[in-house]
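Engineer: Quick one: structure below, then a few questions.
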Amino acid sequence: MPKRHSPDVVIIGAGVVGAACAYYAARSGLTVAVVDRGPVAGGTTGAGEGNLLVSDKEAGPELDLALLSTRLWRELSATLPPETEYEPKGGLVVAPDEPALRALRAFAEGQRAAGVTATEIPADRLADLEPHLAPGLAGGFHYLQDAQVQPAQAAARLLAASGAALHLGEEVTAILRDPASGAVRGVRTARRELLAPAVLNAAGTWGGEVARLAGVPLPVLPRRGFVLVTEPLPRIVRHKVYAADYIADVASGSAALQSSAVVEGTPGGPVLIGATRERVGFDRSLSTEALRRLAAQAAALFPVLADVQVLRAYHGFRPYLPDHLPAIGADPRVPGLHHACGHEGAGIGLAPATGALVAAALTGTAPPLDPAPFRPGRDFGPADTVPPQEQQS
Amino acid sequence: MTRRTPRALVGGAPQETFTFRFDGREIPAAAGQTVAAALWGAGVLAWRTTRHGGEPRGAFCGIGQCFDCLVTVDGAPNRRACLVPARPGGLVTSQEGTGHDDLAV
């Protein structure tokens, strides 16, 4: 097949969202180029745990997106190589006391109506699912649809399967626009101009900067999170297990440090322990307080972890939009400009459905679900009080 | 003939010698020696098997970087034999896999 000189779409961002958009765009017959200033999965994708969760999302547009993604990930797992480490392990959300369990029950009721499979697990049956769980919990909910992938591998394998032309280590310095119509014409990097009638901003936490290159604001903010990595262990945690207060943390917009234990095993052996959330700009310094809380909460949930070694910690910056929904689709302010960013901590899980929505928008075909709640031109609502560090880029 | 060792070159002598147990044998060691050095001195080159495939492993880098020399010391798995000092009466046991197989569910 002769190589075309210019692609149909240039995707800025080689994280999992950019990779999934490349995959579904290519499957729709478009030729795709992907540009990233770093490597594949060099940003938030590589700093995640690979969660594909429906359990932490209340009924609404994000849950619909997650449910579609869950189906698409299952399809993808049949075609992507085993290195993707797709594990349909299910999630277990546990409540420390009766009030928390009641709240969880109401939450699950809404989710069930939206198509989530959530089964209440009484206290005396929790150990059947997770033998190492601490005693004394009030009960929990088992979510069959929760799953996990190795996020960096998932992005790399999706990109490879897309057949997109990859330009890594090339920062986009300008988005080219037609002087008369204002429509995008492509992008410029230090090494080349890539001309295309459509440009997709899949720059994750740095999506606001890319939008600014096109002359439009997009209020993506970083929300820092730490993950602890234990020494390799045999399978001691079977599901994705977390405490009910995690759900409140995810939905919160607070800038202050929040943490709740989210524990999962990996095929590689280490157990991953998240999740903290704090709004501190792009501060990369290590927070011993965040690590201390994670370790203590994980050991409270799984006492066996108190005696295993933590090998290292890593952190990343979730791309956060003030109304907690991603921006997906065409930007009404700039013809040819599309966005797929702002997925906060759910980008790995939401990537395939995002890709399917973007592909539909690019080809003018019917979207697989209503894209209106994610439209980039929407009113994002008032931003929470922004710490001074975030005033910088 | 005296062996040309770093210690012989400076005329040093160990302050203290003792033994520790390794898989049922007594291993001689000198104060300050690491577990890996004492095991090597006794002709033991492997004290761990890998998680996948059960391949034998011992000291590789010898300076605490590669984590190949992991061993169980006094019941605690995944200690780096090249860094942990030998201790009089210590109990060193060869390690299989993660050393935490008892925790598997």
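Read top to bottom, the protein sequences are chains A and B.
For the first sequence, counting from 1, position 255 maps to 255 in our numbering; every step adds exactly one.
For the second sequence, counting from 1, position 4 maps to 1004 in our numbering; every step adds exactly one.
Heads up, the beta-carbon is just placed ideally off N, CA and C, and yes, glycines get one too.
Keep in mind it's a predicted model, so treat the numbers as computed, not measured.
Thinking leucine 129 of chain A and arginine 238 of chain A are a contact (beta carbons under 8 Å), I'd like their distance in whole angstroms, please.
Structural biologist: Rounded, the Cβ-Cβ distance is 7 Å, consistent with contact.
Engineer: Is there a C-beta anywhere in chain A that falls below 7 Å from the one on aspartate 1101 of chain B?
Structural biologist: Cβ-Cβ to chain A under 7 Å: yes for aspartate 1101 of chain B.
Engineer: Give me the Cα-Cα distance between glycine 1054 of chain B and threonine 1098 of chain B, rounded to the nearest whole angstrom.
Structural biologist: So the two alpha carbons sit approximately 11 Å from each other.
Engineer: Please compile the residues from chain A whose C-beta is within a distance smaller than 7 Å of the C-beta of alanine 1081 of chain B.
Structural biologist: By Cβ distance, chain A contributes nothing, its closest Cβ being about 15 Å from alanine 1081 of chain B, past 7 Å.
Engineer: Please determine if the stretch 165-173 of chain A and the stretch 38-49 of chain A are in contact, where contact requires at least 3 C-beta pairs separated by less than 8 Å.
Structural biologist: At 8 Å Cβ cutoff, the stretches touch.
Engineer: If you draw a straight line from the alpha carbon of leucine 221 of chain A to that of serine 1094 of chain B, how long is it in whole angstroms?
Structural biologist: Approximately 50 Å, taken between the alpha carbons.
Engineer: Among all the DSSP beta bridges, which residues are the ones paired with cysteine 1061 of chain B?
Structural biologist: Bridge partners of cysteine 1061 of chain B: none, in fact.
Engineer: Along chain B, in chain order, which residues have C-beta atoms closer than 8 Å to that of isoleucine 433 of chain A?
Structural biologist: Past the edges of chain A, shown from 1 to 393, lies residue 433 of chain A, and the structure says nothing about it.
Engineer: If you compare alpha carbons, which of B:Val1105, B:Cys1061, B:Pro1077 is closest to glycine 1092 of chain B?
Structural biologist: For the record, residue 1092 of chain B in the displayed sequence is valine; it is not glycine. Nearest option by C-alpha distance: B:Pro1077.
Engineer: Compute the Euclidean distance between the alpha carbons of valine 16 of chain A and glycine 349 of chain A, then round it to the nearest angstrom.
Structural biologist: One C-alpha to the other measures close to 9 Å.
Engineer: Who are the neighbours of arginine 1021 of chain B on chain A, taking C-beta pairs under 9 Å?
Structural biologist: Chain A residues near arginine 1021 of chain B: none, gap ~23 Å exceeds 9 Å.
Engineer: Can you name the residues of chain A whose CB is closer than 7 Å to the CB of arginine 1057 of chain B?
Structural biologist: Neighbours of arginine 1057 of chain B on chain A: none; closest Cβ ~13 Å, over 7 Å.
Engineer: With 7 Å set as the bound, which would you pick, yes or no: does the beta-carbon of leucine 63 of chain A sit closer than that to a beta-carbon of chain B?
Structural biologist: No, leucine 63 of chain A lies away from the interface with chain B (no Cβ there is under 7 Å from its Cβ).
Engineer: Below 9 Å on C-beta distance, what does glycine 91 of chain A contact in chain B?
Structural biologist: Near glycine 91 of chain A there are no residues of chain B at all, since even the closest Cβ is about 17 Å away, more than 9 Å.
Engineer: Just to confirm my understanding: we take leucine 65 of chain A, look at its own chain, exclude 5 residues before and 5 after, and list those with CB closer than 6 Å. What are they?
Structural biologist: If we look at leucine 65 of chain A and ignore the five residues flanking it on each side, its Cβ neighbours are Leu350, Ala353.
Engineer: Does any CB atom of chain B fall closer than 7 Å to the CB of leucine 137 of chain A?
Structural biologist: By this cut-off, leucine 137 of chain A is not an interface position.
Engineer: Name the one or two DSSP bridge partners that glycine 91 of chain A has.
Structural biologist: Glycine 91 of chain A pairs with A:Tyr143, A:Lys240.
Engineer: Between glutamate 231 of chain A and chain B, is there a C-beta pair that is closer than 7 Å?
Structural biologist: Cβ-Cβ to chain B under 7 Å: yes for glutamate 231 of chain A.
Engineer: Among all the DSSP beta bridges, which residues are the ones paired with alanine 226 of chain A?
Structural biologist: The displayed chain sequence assigns phenylalanine, not alanine, to residue 226 of chain A. Per DSSP, A:His315.
Engineer: Let me know the secondary structure DSSP gives glutamate 390 of chain A once reduced to three states.
Structural biologist: Unreliable positioning characterises glutamate 390 of chain A in this predicted model, as indicated by a pLDDT of 44, which lies under 50. A coordinate reading is not provided.
Engineer: Using a Cβ-Cβ cutoff of less than 7 Å, which residues in the same chain neighbour aspartate 1023 of chain B once the five nearest sequence positions on both sides are dropped?
Structural biologist: Within the same chain, aspartate 1023 of chain B has close Cβ partners Thr1093, Ser1094.
Engineer: Under 7 Å, Cβ to Cβ, is there at least one residue of chain B near valine 310 of chain A?
Structural biologist: Not one chain B Cβ lies under 7 Å of valine 310 of chain A.
Engineer: Please tell me whether, using a cut-off of 6 Å, the distance from the CB of aspartate 128 of chain A to the nearest non-hydrogen atom of the ligand MN is below it.
Structural biologist: Ligands in the displayed structure: none, and consequently the ligand MN is not present.
Engineer: Taking the CB atoms as reference points, tell me whether alanine 244 of chain A and leucine 104 of chain A lie closer together than 7 Å.
Structural biologist: Contact: yes.
Engineer: So, helix, strand or coil for valine 9 of chain A, using DSSP?
Structural biologist: Note: valine 9 of chain A maps to strand in three-state DSSP.
Engineer: Three-state secondary structure (DSSP) at threonine 44 of chain A?
Structural biologist: Three-state DSSP puts threonine 44 of chain A in coil, outside helix and strand.
Engineer: Are there 16 or more other CB atoms within 10 angstroms of the CB of valine 263 of chain A, so buried, or fewer, so exposed?
Structural biologist: Valine 263 of chain A should be labelled buried.
Engineer: Between proline 131 of chain A and chain B, is there a C-beta pair that is closer than 7 Å?
Structural biologist: Answer yes: the Cβ-Cβ gap between proline 131 of chain A and chain B drops below 7 Å somewhere.
Engineer: What are the start and end residues of the beta strand (DSSP E) that includes valine 271 of chain A?
Structural biologist: Unbroken beta strand (DSSP E) run through valine 271 of chain A: 271-277.
Engineer: Taking 7 Å as the threshold (C-beta atoms), are threonine 230 of chain A and valine 308 of chain A in contact?
Structural biologist: For valine 308 of chain A and threonine 230 of chain A, yes; Cβs fall inside 7 Å.
Engineer: I want to verify the contact list: residues of chain B whose CB lies under 9 Å from the CB of glycine 140 of chain A, in sequence order.
Structural biologist: Simply none; closest approach about 16 Å.
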